[in-house]
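Reviewing the structure listed below.
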Amino acid sequence: MSPALSAALALLVAVATNPPAPGETVVRPGESLAQLAARTLGSEGAGPELLAFNHLDGVPSAGTQVQVPGPERARAVAAIGSARSAIGQAPAGSARTEAEARLAEAESLLARARYAEAAAQADGAWKLLSDAREERSHFAVAVEPDGRTRVAVREGVPVRVEAQGRTRAVRAGETLTVVRGEPPGTPQLDAPGSTTTAEPPILISPEPGLKLALEPAPGGLGPVRFAWKPVPDAVGYVLELAGPRKQSLRSAQPLVTVPGLPAGKYRWTVRAVLPDGSFGPSATRAVQLVPGRIKLEVKETPWQ
Amino acid sequence: MALCLSLFVCAPACRRDAQAPPAPPAPKQSARATLVQVKGAVSVKRATGDEWLGAVNGTVLYDDDKLRTERGGSAELHFPSGTVVVVSEDTLLGIAETRAAPGRPQADVTVLRGAVDATLDRPANQSLTVGTPAATVRAGREIVFQ
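Right under this line is the structure:
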């Protein structure tokens with residue numbers, strides 16, 4: 002065996018038996034990004050991660066010195082491995098679905114070289130499954146008069162809420178409200194000691210199903226006055242308009258006057274803001290805004 | 015011989031014609047839940063009936079039955095899997111007809127109005143689906159619909 006071949010073999014053996022040490026390395030002539038990633042991180046697919054770690058936009062040329070991640074990456078990879086293993090053994094269910102989502106996020110963070118966050122996400126996925134093994138599930142479902150569904154998870158594993166083909170996991174301590182015909186939004190964290198005993202606001206005006214004739218005003222037709230009876234203990238109110246203009250307005254009083262709105266059909270929803278910051282149940286009505294006066298411009302004519 | 019045979023075959027039909035029409039065969043029903051802790055005005059409408067009948071402790075609910083609580087009324091639904099659903103006042107719900115995979119206890123209700131509070135003691139082995147006009151809420155094990 003020639004000395005050169007022996008040296009090359011020795012180098013290969015050394016590379017194969019010793020994992021890449023943290024620190025720096027130099028890109029070899031003719032070495033592709035996949036080869037560089039395989040050499041430094043042990044995976045051909047980790048090229049983008051290496052670029053992200055070095056804040057590089059393109060493939061580094063030969064001779065470029067690149068940084069190689071250290072123990073923080075090893076911790077993230079180990080955490081991801083544990084989470085993957087736990088998911089593989091977990092029964093199908095909400096906890097597993099949620100853990101899979103967290104694992105996917107952890108892998109995405111790893112690919113962006115955000116190792117601490119990746120490890121935290123992966124640990125969260127693992128913990129979710131270990132906690133879910135014997136924990137009971139307790140949740141409440143309420144259908145409000147306007148058809149909205151409110152799901153509040155008191156304790157235990159997350160529940161899955163599906164609407165319009167989209168699924169959301171709601172964890173313990175969270176509440177999710179789903180509007181009929183719309184996909185679920187983002188679960189809200191319950192305020193400590195929050196109560197859901199508040200009554201929905203009693204709406205006063207505009208009257209239900211009213212066709213309201215209004216004069217032209219800035220923004221459309223107006224003014225439009227929305228009023229409802231005060232809710233005990235409310236510290237404020239939220240008025241949501243759905244129609245030609247979607248708008249959410251806050252008010253300390255049980256009254257909101259909007260200077261002008263585009264003509265059309267609207268649904269207006271009011272809910273109270275409770276002392277703990279949570280929202281009370283809502284009440285909804287429909288109203289139609291139409292022009293109340295037609296402005297005529299008459300040109301002067303020679304006719305007498 | 016042929017005459018005897020035809021008489022033998024005809025006999026049951028002739029007897030049926032002579033008697034009152036039999037009641038329609040009872041639909042195959044499986045008990046889905048039992049009512050306990052019934053308080054106040056709580057009524058049940060059977061899938062096969064049109065009347066709302068007062069419910070008492072121990073009333074068994076079957077597929078497609080409906081349960082209604084009035085103001086001040088409440089009840090608990092106990093499913094064979096151990097799942098407990100507390101039905102609040104002013105609530106209207108139905109027992110959904112679904113089939114679980116063998117060995118996977120499952121409970122399903124559809125809430126049309128009002129509120130329910132559900133508890134699964136062993137969510138790894140139980141499942142509950144709560145349907146509403148706006149969403150479907152699933153808890154416990156993954157559910158396989160057939």
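Just so you know, the sequences run in chain order A and B.
Following the numbering used here from start to finish, the first sequence increments by one per residue and tops out at 305.
Following the numbering used here from start to finish, the second sequence increments by one per residue and tops out at 160.
Yeah, the Cβ is synthetic: ideal placement off N, Cα and C, and Gly gets one too.
On a predicted model such as this, the values are computed, not experimentally measured, just so you know.
Alpha-carbon spacing of residue i relative to residue j, whole angstroms
i: B:F3; j: A:Q189; result: Only positions 15 to 160 of chain B appear in the structure, and residue 3 of chain B is not among them; the question remains open.
i: A:R40; j: A:V60; result: 15 Å
i: A:V288; j: B:T105; result: 28 Å
i: A:A75; j: A:L51; result: 14 Å
i: A:P219; j: A:V142; result: 42 Å
i: B:K80; j: A:G89; result: 40 Å
i: A:A91; j: B:S88; result: 37 Å
i: A:E291; j: A:R161; result: In the sequence as displayed, the identity of residue 291 of chain A is Val instead of Glu. Using only the alpha carbons, I get a separation of about 42 Å.
i: A:T196; j: A:P276; result: In this prediction, A:T196 scores a pLDDT of 46, lower than 50, which makes its location untrustworthy; the coordinate-derived value is nonetheless stated afterwards. In a straight line, the C-alpha of A:T196 is about 10 Å away from that of A:P276.
i: B:R46; j: B:A132; result: 15 Å
i: A:T65; j: A:V78; result: 26 Å
i: A:P310; j: A:A63; result: In this structure chain A extends from 2 to 305, so residue 310 of chain A is not present and cannot be described.
i: A:A253; j: A:S283; result: 16 Å
i: A:A84; j: A:Y116; result: 15 Å
i: B:V50; j: B:T73; result: 8 Å
i: A:R251; j: B:V125; result: 31 Å
i: A:T285; j: A:E200; result: 13 Å
i: B:E103; j: A:A112; result: 52 Å
i: A:T98; j: A:P233; result: 40 Å
i: A:T37; j: A:E175; result: It is worth fixing the name first, because residue 37 of chain A is Leu in this sequence and not Thr. Looking at the two C-alpha atoms, the distance is approximately 45 Å.
i: B:Y55; j: A:R226; result: Just to set this straight, residue 55 of chain B is Ala in the shown sequence, not Tyr. Rounded to the nearest angstrom, the two C-alpha atoms are 40 Å apart.
i: B:P86; j: B:V70; result: The sequence given here places Gly at residue 86 of chain B; Pro does not occur at that position. Each residue's alpha carbon lies about 15 Å from the other.
i: A:P231; j: A:A47; result: 59 Å
i: A:G82; j: A:S138; result: 27 Å
i: B:G128; j: A:G210; result: 24 Å
i: A:L215; j: A:L222; result: 6 Å
i: A:A243; j: A:T168; result: 23 Å
i: A:P185; j: A:V27; result: 50 Å
i: A:S44; j: A:L34; result: 11 Å
i: B:V130; j: A:D58; result: 54 Å
i: B:V151; j: B:V144; result: 5 Å
i: A:P30; j: A:S86; result: 39 Å
Same chain, Cβ closer than 7 Å to residue i, neighbours up to 5 away in sequence not counted
i: A:V274; result: A235, V236, G237, Y238, V239, F280
i: A:P171; result: The sequence shown places Val at residue 171 of chain A, not Pro. Once the five neighbours on either side are set aside, the close Cβ partners of A:V171 are V152, V154, P159, V160, V162, L177, P188.
i: B:D135; result: G96
i: A:F140; result: V152, A153, V154, R155, V160
Neighbourhood of residue i by C-beta, 6 Å cutoff - its chain only, sequence neighbours within 5 removed
i: A:R181; result: G148
i: A:R103; result: Q122, G125, A126
i: B:P35; result: Low confidence applies to B:P35: its pLDDT is 39, below 50, so where it sits in the model is not reliable, and the reading given next is rough at best. Correct list: empty, nothing qualifies.
i: A:R272; result: V239, F280, G281, S283
i: B:L91; result: A47, V99
Cβ-heavy atom distance, residue i to the ligand COA, below 7 Å
i: A:D58; result: The ligand COA is not part of the structure shown, which contains no ligands of any sort.
DSSP three-state assignment for residue i, whether helix, strand or coil
i: B:P36; result: Here the model assigns B:P36 a pLDDT of 43, short of 50, so the residue's position is not dependable, and the following value carries that caveat. In this structure, B:P36 counts as coil in the three-state DSSP scheme.
i: A:R103; result: helix
i: A:K296; result: Unreliable positioning characterises A:K296 in this predicted model, as indicated by a pLDDT of 47, which lies under 50. The coordinate reading is nonetheless provided below. In this structure, A:K296 counts as coil in the three-state DSSP scheme.
i: A:R76; result: helix
i: A:Q122; result: helix
i: A:F227; result: strand
i: A:E50; result: helix
i: A:A87; result: helix
i: B:S57; result: strand
i: B:A25; result: In this prediction, B:A25 has a pLDDT of 42, which is less than 50 and means its spatial position is unreliable; what the coordinates show is noted afterwards. If DSSP states are grouped into helix, strand and coil, B:A25 belongs with the helices.
i: B:A183; result: The structure shown does not extend to residue 183 of chain B, since chain B spans only 15 to 160, so no value can be given for it.
i: A:S109; result: helix
i: A:P20; result: Any answer about A:P20 is weak, because its pLDDT of 46 lies below 50 and its placement is not dependable; what the coordinates show is given next. Coil, per DSSP.
i: A:T65; result: coil
i: B:A47; result: strand
i: A:E25; result: strand
i: A:R246; result: coil
i: A:E45; result: helix
i: A:L37; result: helix
i: A:R115; result: coil
i: A:G203; result: According to the sequence displayed, residue 203 of chain A carries Ile and not Gly. Of the three classes helix, strand and coil, the one that applies to A:I203 here is coil, per DSSP.
Cutoff 8 Å; reference residue i; Cβ partners in own chain excluding five residues on either side
i: B:Y76; result: Q43, S44, A45, R46, R60, A61, I109
i: A:S206; result: R226, F227, A228
Within-8 Å CB hit, residue i to chain D
i: A:E163; result: Of the protein chains in the structure, A and B, none is chain D.
Original post:
What residue ranges within the region 249–284 of chain A form continuous beta strand (DSSP E) runs of no fewer than 3 residues, ordered along the chain?
Top reply: You should have 256–259, 265–274.
**OP:** Examine the Cβ distances between the region 139–157 of chain A and the region 106–123 of chain A and report whether three or more of them are shorter than 8 Å.
**Re:** Segments in contact, no.
**OP:** Determine, using beta-carbon pairs with one atom in the region 242–262 of chain A and one in the region 111–121 of chain A, whether at least three such pairs fall under 8 Å.
**Re:** Contact fails between the region 242–262 of chain A and the region 111–121 of chain A, because fewer than three Cβ pairs, one in each stretch, are under 8 Å apart.
**OP:** Pick out the complete alpha helix (DSSP H) segments inside the region 127–183 of chain A, 4 residues or longer, and give them in chain order.
**Re:** Complete alpha helix (DSSP H) runs here, min 4: none at all.
Original post:
Which full runs of the alpha helix (DSSP H) of 4+ residues lie inside the region 75–110 of chain B, going along the chain?
Top reply: Taken in chain order, the whole alpha helix (DSSP H) runs of length 4 or more contained in the region 75–110 of chain B number zero.
**OP:** Run through the region 119–147 of chain B for me and flag every whole beta strand (DSSP E) of 3 or more residues, listed as ranges in chain order.
**Re:** Counting whole runs of 3 or more residues, the region 119–147 of chain B contains the beta strand (DSSP E) stretches 120–134, 141–145.
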